[in-house]
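Peer 1:
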Amino acid sequence: MRTFRLLFPPISMDNPRTPRLQRLLQLMLHDKKARRHLTRDHHELFFHCYFHHYVKYRTAPFQKEMFRITENDGLQTIVITAFRGSAKSTIMNMSFVLWSILGTPGKKFILLVGQTQAQARQHLKNIKEELENNPLLRGDLGPFREEEDEWRNSCLVISNYNAKIMAVSIDQSVRGLRHKEYRPDLIVCDDIEDLQSVKTREGRDKTYAWVKGELIPAGDTGTRIVFVGNLLHEDCLLKRLQREIANGNLQGIYREYPLLNKEGKCLWPGKYRTMAAIEAERRRVGSEAAWQREYMLRIIPDLERLIQASWITYYRELPTGDEDFRFRKVATGIDPAISKEDSADNTAMVSGRMYGFGENMHVYILPNPVNEHLTFLETIQRAKSLSLVLGGGEKTTLHVEDVAFQRGLIEELDAEGFHVIGVPTKGQDKRARLALASHMIQSGRVHFPMHGCERLIEQLVGFGSERYDDLADAFATLMLPLLEIKGHTHHSDIWKLNEGLTKSALAEEREHDRFFYPDHSGDRDNGSYGDILHMEF
1 MRTFRLLFPP ISMDNPRTPR LQRLLQLMLH DKKARRHLTR DHHELFFHCY FHHYVKYRTA
61 PFQKEMFRIT ENDGLQTIVI TAFRGSAKST IMNMSFVLWS ILGTPGKKFI LLVGQTQAQA
121 RQHLKNIKEE LENNPLLRGD LGPFREEEDE WRNSCLVISN YNAKIMAVSI DQSVRGLRHK
181 EYRPDLIVCD DIEDLQSVKT REGRDKTYAW VKGELIPAGD TGTRIVFVGN LLHEDCLLKR
241 LQREIANGNL QGIYREYPLL NKEGKCLWPG KYRTMAAIEA ERRRVGSEAA WQREYMLRII
301 PDLERLIQAS WITYYRELPT GDEDFRFRKV ATGIDPAISK EDSADNTAMV SGRMYGFGEN
361 MHVYILPNPV NEHLTFLETI QRAKSLSLVL GGGEKTTLHV EDVAFQRGLI EELDAEGFHV
421 IGVPTKGQDK RARLALASHM IQSGRVHFPM HGCERLIEQL VGFGSERYDD LADAFATLML
481 PLLEIKGHTH HSDIWKLNEG LTKSALAEER EHDRFFYPDH SGDRDNGSYG DILHMEF
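Take 1 as the starting number for the sequence shown in our numbering and just add one per residue.
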């Protein structure tokens, strides 16, 4: 071994066409000892040696980065999303697995995770076929055998290295899995979500809970885990892991490799030499949605969505409320669900502050909306408390859908002296009512806090596919009266917010505000209004 170290110092794969490297590659093809030594610490060299038949184009820089990532033992969590045909699965789900057994990592028990058992078995089958048909691998790895354990998980056992590769799916338990004394020390998850599973929060939460509650604990302190897949939803598993890595809650690395980067530069010029070649590939794919999702790594919204994620605008601080953009009202939309059963809907309360007039009217949604299981009495108490807190001790307006049992809530709050607006459905369903307010979001006149409204935004963007929509309903109930009310002397009148106000009307509204919608502009003088951003109701 010392002789090899003297003959072959550290190798750089930056230029695989150098004469020295070409000679080394030829040597490796014919000398087992040289091959074993030279590939031990170099995954990229291992790949070009044992999987050279996969190399049809010059290796791209992003692929070299993937090799370097796998060689860095300090990265315990690896999250990779790359365009279709980028060789990400070949590198991560096949080459990396085998190099981890033959090479320096010396892994003993590897899990290949698929969304279904059939998919997981296919991952294992790909490795098995490579072992059977690749003479270099077969000769260097030695004999292997295929078996099923007591849970009918497919396995490959590589006796010479005391190693096992097992295929598992996300619908089964992996607790307590062992190969002799080894717990899983490398886990590779490839496409464990699809468009159907990410459609609802329930489906996304189920996958996430399995990964966090079953899969990761199945490993040990030095276990490395790799996630490979596509971006299918703003809240899919890969995006959740990305956020955890970005905010420091998860140690690891996240990488996205679209075919064309933000500057329009192709990431694999060896395969796609010209823009004409890329355009030909685009035409071959046929579907624009598939092209954007699979090649450009863009999250494609459902065509039936009422509200697109790109419409959402955020604020860090509430406006100061000068004369041209005056604070006008604060109100709360309530969607009650009078049940505390776990399967029941939540009672939701969404509050917002309104500024400006006419086309310059904007609504700033306040953070931390109520979203809980509450009884009828608890709903009344919470609504009263919220109304008073938002008004600094004065009663602020509550909007409640005027239908069925909810009318009792309106009557009870009204009897206690709270200003309640009953919002009639006018025969419209939830989707139609939300659609009436959607243009305000699209035009950038509804703003959400940077933090504290994540679940509300999720329900708005996913309305119709998410299982729960309580917050979205409360949002619509908040917005509709703001779009329709125009009166200033009687709360049964209607106030057009899309028209500017005369001086006399403005004075009249201010008088109206002192009774029903207290003017808290004085709060701004002492800065107390900013505390709203930190309230939890």
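From the three backbone atoms N, C-alpha and C, an ideal C-beta is built for every residue, glycine too. Computed from a predicted structure; not experimentally measured.
For the stretch 154 to 170 against the stretch 93 to 109, are there 3 or more C-beta pairs whose distance is under 8 angstroms?
Peer 2: Touching, yes, given that three or more Cβ pairs across the two stretches are closer than 8 angstroms.
Peer 1: Leaving out five residues on either side along the sequence, give the residues of the same chain with a beta carbon under 7 angstroms from the beta carbon of residue 531.
Peer 2: Confidence is the limiting factor: at residue 531 the pLDDT is only 42, short of 50, which leaves the residue's position unreliable and the question unanswerable from this model.
Peer 1: Give the straight-line distance between the Cα atoms of residue 271 and residue 82, rounded to the nearest whole angstrom.
Peer 2: Approximately 15 angstroms between the Cα atoms of the pair.
Peer 1: For residue 362, report the span of its beta strand (DSSP E) as first-last.
Peer 2: 362 to 365 is the span of the beta strand (DSSP E), which, as asked, contains residue 362.
Peer 1: State the Cα-Cα distance for the pair residue 423 and residue 400, rounded to the nearest angstrom.
Peer 2: Looking at the two C-alpha atoms, the distance is approximately 6 angstroms.
Peer 1: With a threshold of 16 other CB atoms inside 10 Å of the CB of residue 203, please say whether the residue is buried or exposed.
Peer 2: That one is buried.
Peer 1: Going straight from the alpha carbon of residue 155 to that of residue 285, what length do you get?
Peer 2: Computed Cα separation, rounded: 35 angstroms.
Peer 1: What separation, rounded to the nearest whole angstrom, lies between the Cα atoms of residue 361 and residue 269?
Peer 2: Computed Cα separation, rounded: 49 angstroms.
Peer 1: Examine the Cβ distances between the stretch 34 to 41 and the stretch 199 to 217 and report whether three or more of them are shorter than 8 angstroms.
Peer 2: Verdict: no, contact absent.
Peer 1: Just to confirm my understanding: we take residue 29, look at its own chain, exclude 5 residues before and 5 after, and list those with CB closer than 6 angstroms. What are they?
Peer 2: Result list for residue 29: empty, nothing under 6 angstroms.
Peer 1: My understanding is that residue 390 touches residue 330, with C-beta atoms under 8 angstroms, so please give their C-beta distance in whole angstroms.
Peer 2: Rounded, the Cβ-Cβ distance is 5 angstroms, consistent with contact.
Peer 1: So what does DSSP say about residue 287, is it helix, strand or coil?
Peer 2: DSSP places residue 287 in coil when its eight states are reduced to three.
Peer 1: Can you name the residues that DSSP bridges to residue 309?
Peer 2: According to DSSP, which records beta bridges pairwise, residue 309 is partnered with nothing at all.
Peer 1: Check this for me: beta carbons of residue 236 and residue 113, under 7 angstroms apart or not?
Peer 2: No, these two residues do not count as a Cβ contact at 7 angstroms.
Peer 1: Would DSSP call residue 237 helix, strand or coil?
Peer 2: In the structure shown, residue 237 sits in a helix (DSSP, three-state: H, G or I).
Peer 1: If you drop the 5 nearest sequence neighbours on each side, which residues of the same chain put their C-beta closer than 8 angstroms to that of residue 19?
Peer 2: Same-chain partners within the cutoff: there are none.
Peer 1: Based on Cα-Cα distance, which residue from 181, 266, 128, 356 lies nearest to residue 109?
Peer 2: Among 181, 266, 128, 356, the Cα nearest to that of residue 109 is on 181.
Peer 1: Could you pull out every residue in the same chain whose Cβ sits closer than 7 angstroms to the Cβ of residue 311, ignoring the five residues on either side in sequence?
Peer 2: Same-chain partners within the cutoff: 441, 442.
Peer 1: Label residue 290 either buried or exposed according to how many other C-beta atoms from any shown protein chain fall within 10 Å of its C-beta, with 16 as the threshold for buried.
Peer 2: Per the 10 Å Cβ criterion, exposed.
Peer 1: Please report how far the alpha carbon of residue 245 lies from the alpha carbon of residue 94, in whole angstroms.
Peer 2: Residue 245 and residue 94: Cα-Cα distance of roughly 25 angstroms.
Peer 1: In the structure shown, what three-state DSSP assignment does residue 85 receive?
Peer 2: Here residue 85 sits in coil by DSSP.
Peer 1: Let's see if you can read the secondary structure: which residues bound the beta strand (DSSP E) around residue 228?
Peer 2: Per DSSP, residue 228 belongs to the beta strand (DSSP E) from 224 to 228.
Peer 1: According to the neighbour-count rule (16 or more other Cβ atoms, all chains shown, within 10 Å of its Cβ), is residue 355 buried or exposed?
Peer 2: Residue 355 should be labelled buried.
Peer 1: Would you list the one or two residues that DSSP bridges to residue 163?
Peer 2: Note: residue 163 sits in a beta bridge opposite 158.
Peer 1: For residue 190, does the three-state DSSP call read helix, strand or coil?
Peer 2: Reduced to three states, the DSSP call for residue 190 is strand.
Peer 1: Going straight from the alpha carbon of residue 56 to that of residue 177, what length do you get?
Peer 2: Whole-angstrom Cα-Cα distance: 38 angstroms.
Peer 1: Only counting runs of 3 or more residues, tell me where the beta strand (DSSP E) segments fall wholly within the stretch 79 to 137, in order along the chain.
Peer 2: Whole beta strand (DSSP E) segments, 3+ residues: 109 to 114.
Peer 1: Can you list, in chain order, the residues of its chain with a C-beta nearer than 7 angstroms to that of residue 348? Leave out the 5 residues immediately preceding and following it.
Peer 2: Cβ neighbours of residue 348 beyond the five flanking positions: 335, 369, 370, 371, 470, 471, 473, 474.
Peer 1: Comparing alpha-carbon positions, which option in 463, 50, 350 lies nearest residue 308?
Peer 2: Minimum Cα distance to residue 308 is reached at 463.
Peer 1: Can you give the Cα-Cα distance for residue 416 and residue 402, rounded to whole angstroms?
Peer 2: Cα to Cα, the separation comes out at about 18 angstroms.
Peer 1: For residue 324, which three-state DSSP category applies?
Peer 2: If DSSP states are grouped into helix, strand and coil, residue 324 belongs with the helices.
Peer 1: Using the beta-carbon count (16 or more within 10 Å), is residue 195 buried or exposed?
Peer 2: When all chains shown are included, residue 195 counts as exposed.
Peer 1: Buried or exposed: which applies to residue 346, given that a residue is buried once 16 or more other Cβ atoms fall within 10 Å of its Cβ?
Peer 2: Under this definition residue 346 is a buried residue.
Peer 1: Indicate whether residue 170 and residue 115 have their beta-carbon atoms separated by less than 7 angstroms.
Peer 2: Yes, the pair counts as a contact, with Cβ atoms nearer than the cut-off.
Peer 1: Relative to the C-alpha of residue 22, which candidate in 48, 32, 227, 43 has its C-alpha closest?
Peer 2: Ranking 48, 32, 227, 43 by Cα distance to residue 22 puts 48 first.
Peer 1: Using the DSSP secondary-structure output, state which residues sit across from residue 449 in a beta bridge.
Peer 2: Beta-bridge pairing links residue 449 to 315.
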